[in-house]
Amino acid sequence: MEGNKQVFRSIDEYILQFSPAVQEKLNGLRKLIKESAPDAEEKISWQMPTFVFHGNLVHFAAHKKHIGFYPGASGIDAFKDKLSQYKGSKGAVQFPLDEPLPDELIKEIVRFRVAENKTEAEKKLKKKK
Numbered sequence: 001m002e003g004n005k006q007v008f009r010s011i012d013e014y015i016l017q018f019s020p021a022v023q024e025k026l027n028g029l030r031k032l033i034k035e036s037a038p039d040a041e042e043k044i045s046w047q048m049p050t051f052v053f054h055g056n057l058v059h060f061a062a063h064k065k066h067i068g069f070y071p072g073a074s075g076i077d078a079f080k081d082k083l084s085q086y087k088g089s090k091g092a093v094q095f096p097l098d099e100p101l102p103d104e105l106i107k108e109i110v111r112f113r114v115a116e117n118k119t120e121a122e123k124k125l126k127k128k129k
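Read in UniProt numbering, the sequence shown has 30 at position 30, and its numbers run on one by one without any break.
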């Protein structure tokens, strides 16, 4: 590890490093993900909170002015019209810290990713038979 970068062992530990206002946003996002993917497991990957269900589902991270939400390229592409008001890239979207999270949109994206990962896992299982 370079310098004195903190290594996080849990999502709770990750969230605790931020101000109370940011913690509230991160906990809200975490709750939305859990509601939409109740069978997903939590872990830290790439030093970011990550939810796993038949592979990586979504990641998120707090930044100076936004929360980065990372549902992968397919998760962004499937909702590009609904995400058009936000900055983003191929596999990420930025939700500004000074705006409310788009709760329903986040849930839709997570449910999409759950279905996508489940379908991919079923395909892999069929190939093995």
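Every residue gets a Cβ at the ideal spot worked out from N, C-alpha and C, and that includes glycine.
Between Pro-71 and Arg-30, the C-beta gap is not smaller than 8 Å, which leaves the two residues out of contact.
Annotation: Glu-104 to Leu-97 spans about 17 Å, alpha carbon to alpha carbon. Ser-74 and Ser-19 have their C-alpha atoms some 32 Å from each other. Cα atoms of Gly-28 and Val-110: separation of roughly 14 Å, rounded to the nearest angstrom.
Restricting attention to Val-22, Leu-16, Phe-53, the CA atom closest to the CA of Glu-120 is found in Phe-53. Here Pro-20 carries a helix assignment [DSSP, helix/strand/coil].
If you ignore the 5 residues before and after Ala-37, its C-beta comes within less than 7 Å of the C-beta of Phe-51, Phe-53, Leu-57, Val-110, Val-114, all in its own chain and listed in chain order.
Straight-line spacing of the CA atoms in Lys-43 and Phe-79 works out to 25 Å. Here the C-alpha atom of Lys-90 lies approximately 25 Å from the C-alpha atom of Glu-122. Residue pairing of Tyr-86 in beta bridges, as defined by DSSP: absent, with no partner found.
Ile-15 and Pro-102 have their alpha carbons spaced roughly 20 Å apart. In the DSSP annotation of this structure, the continuous segment of the beta strand (DSSP E) that includes Lys-43 starts and ends at 41 to 45.
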